[in-house]
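Comments concern the structure below.
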Amino acid sequence: MLDDLRELYQEVILDHGKNPRNYGKPDEVSHRAGGHNPLCGDRIFVYLHVDAEGVVRNAAFDGRGCAISQASASLMTEIVSGKTLGQVDTLFRNFHEMCTSDGDVETDGSLADEMDRLQVLSGVRQYPIRVKCATLAWHTMNAALQGEAEATTE
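Per the numbering used here, the sequence shown starts with residue -4, numbered consecutively.
Written as structure tokens, this is what we have:
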């Protein structure tokens, strides 16, 4: 089993986990939320700046957690920046489905490259306890966009 878990920690996951992108609270924030995964101890805060046209101009996070949660948050902030709220919602739903279902996820052609980048985290579906690690940042971002202060991974 340890060999299988080691496969999850691919080079990209380790890189983003050790050197997260967009880490820290930015100066300009329009939406924010916190999230906690009590099973793993992950604690994250997501900060977004959404402009008047409904485009995410900046996404960032801070907090502590396992390599999977940190890598997922790092990748998420890179991917959602510059996207419309509709695209962000589609990415959230597709990513959640990718992590929780056994089948292939149908993606909007315009977001195929983004979903391809996220495939590095798809292996968590084989380890149900790790799904919450991978989806925590995404649920927290979604909570922020819904005006909720705290996210749940349920």
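Idealized CB from N, CA, C, for every residue including glycine.
At least three beta-carbon pairs within less than 8 angstroms, the segment 10 to 20 to the segment 56 to 75: Touching, yes.
First through last residue of the alpha helix (DSSP H) which encompasses residue 32: Counting along the chain, no alpha helix (DSSP H) covers residue 32; the unbroken beta strand (DSSP E) around it starts and ends at 26 to 32.
Delimiting residues of the alpha helix (DSSP H) encompassing residue 17: For residue 17, there is no enclosing alpha helix (DSSP H), as DSSP marks it with neither H nor E.
Residues that residue 40 bridges to, as DSSP identifies them: In the DSSP output, where bridge partners are listed per residue, residue 40 has 29 and 57.
Other residues of its chain near residue 25: CB distance less than 7 angstroms, five sequence neighbours each side excluded: These residues qualify, in order along the chain: 43, 44 and 45.
Nearest-angstrom Cα separation, counted from residue 72 out to residue -3: Here residue -3 scores only 46 on pLDDT, less than 50, and its place in the model should not be relied on; the value that follows carries that caveat. Those two C-alpha atoms are separated by around 29 angstroms.
Residue span of the alpha helix (DSSP H) that contains residue 73, given as start and end: Where residue 73 is concerned, the enclosing alpha helix (DSSP H) stretches over 62 to 75.
Simplified DSSP assignment, three categories, for residue 79: Judged by DSSP in its simplified three-state form, residue 79 adopts strand.
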